[in-house]
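Q:
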Amino acid sequence: MTTQQLSPTPRTTPTRGRNRQVEDRRQLMALLSDALVAHLGVVAGGHPVVLPTAFAVDASGPDDGGSLYLHGSVAAGWLAPALEQDICVTVTELDGLVLARTGFHHSMNYRSAVVIGRPRRVTDLEERRLALDLVVDHMMPGRAATLPPATRKELAATAVIALPLAEASMKQRAGGATLEPGDLDLTGWAGLVPVRWAASAPVTEDYVNEPVPELVLRRAAELGQA
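Residue numbering for the sequence shown follows this note's numbering, beginning at 427 and increasing consecutively.
1) Residues in the same chain with beta-carbon distance under 7 Å from His532, minus the five sequence neighbours each way, listed in chain order, please.
2) Taking just the CA atoms, how far does Arg547 sit from Ala583?
3) Measuring straight from C-alpha to C-alpha, what distance separates Glu648 and Ile587?
4) Is Ile542 near Arg442, with beta carbons less than 8 Å apart?
5) Locate the beta strand (DSSP E) running through His465, then write down its first and last residues.
6) Compare the Cα-Cα distances from Ile513 to each of Glu580, Gly650, Val476, Ala585 and report the closest residue.
7) Go through its chain and collect everything with a Cβ distance to Ala652's Cβ below 6 Å, but skip five positions before and after it.
8) Look at the Cβ atom of Leu520, then the Cβ atom of Met534, and state whether they are nearer than 8 Å.
9) So what's Pro474 in DSSP terms, helix, strand or just coil?
10) Write down the C-beta distance between Ala485 and Met455 rounded to the nearest angstrom, noting that I regard them as a contact closer than 8 Å.
11) Considering Cα atoms alone, identify which of Glu510, Ala594, Gln447 is closest to Pro545.
12) Going by beta-carbon coordinates alone, are Val468 and Pro507 separated by less than 8 Å?
13) Tell me which same chain residues have a C-beta within less than 6 Å of the C-beta of Thr435, skipping the five on either side of it?
14) Quick one: is Ala624 buried, meaning 16 or more other Cβ sit within 10 Å of its Cβ, or exposed?
15) Given this structure, state the Cα-to-Cα distance separating Thr504 from Ala470, to the nearest angstrom.
16) Alpha carbon to alpha carbon, how far is Met427 from Leu496?
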């Protein structure tokens, strides 16, 4: 059962900057909802690799704490090793650049999550279809329902793994620069440069004679279209 308390294990408990640790699981889920790219860390071929990937979350999924779904080719070199060991998935959103009067206190405002655990390969056909629809809808909400169902050939070529969300932690930073005694006596500009997504207007393929769907326009606006 998922609780609202985010309780990291020793592997996911921050050792520095604990004042930035987030304890409310709802903030973790909000970050996973906002972010579009995750990074998968795994040891494959005798060395560590970190791979960017699309993802999706099912908070009520069958895994402990909910399910984090990742997908890839069945021929991917990381797939078999990932199923034989614990893996690490991270998600980070950059919210601002923090400029202080000293280089030491330059920083960034961010939200960042770390999830560690042993993944499982999703073999149930219906769960795989659901997971892949969730990945599409995470990128473009409502899109999966407008598309043809995945074919057996497509499903055979695509691997889906599920990582439990039970062993997770999150940190975040907000606000301006840290001030040390004497910083007010220094000169130079200090402040914050906010950072946000900024999608451009959708670009229709040359072979398409249909107008841009409302759900695409809405998503572009959500991502910061001017």
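Glycine included, C-beta positions come from ideal geometry on N, C-alpha and C.
A: Result, derived from the coordinates:
1) Val524, Leu525, Ala526
2) 14 Å
3) 29 Å
4) no
5) 464-470
6) Val476
7) At Ala652 the pLDDT is 43, less than 50, meaning the model places this residue with poor confidence and gives no usable figure here.
8) yes
9) strand
10) 6 Å
11) Glu510
12) yes
13) Glu593
14) exposed
15) Just to set this straight, residue 504 is Trp in the shown sequence, not Thr. Spanning the two alpha carbons is a distance of roughly 6 Å.
16) Only weak support exists for where Met427 lies, its pLDDT of 42 falling under 50; the value from the coordinates is given anyway. Approximately 22 Å between the Cα atoms of the pair.
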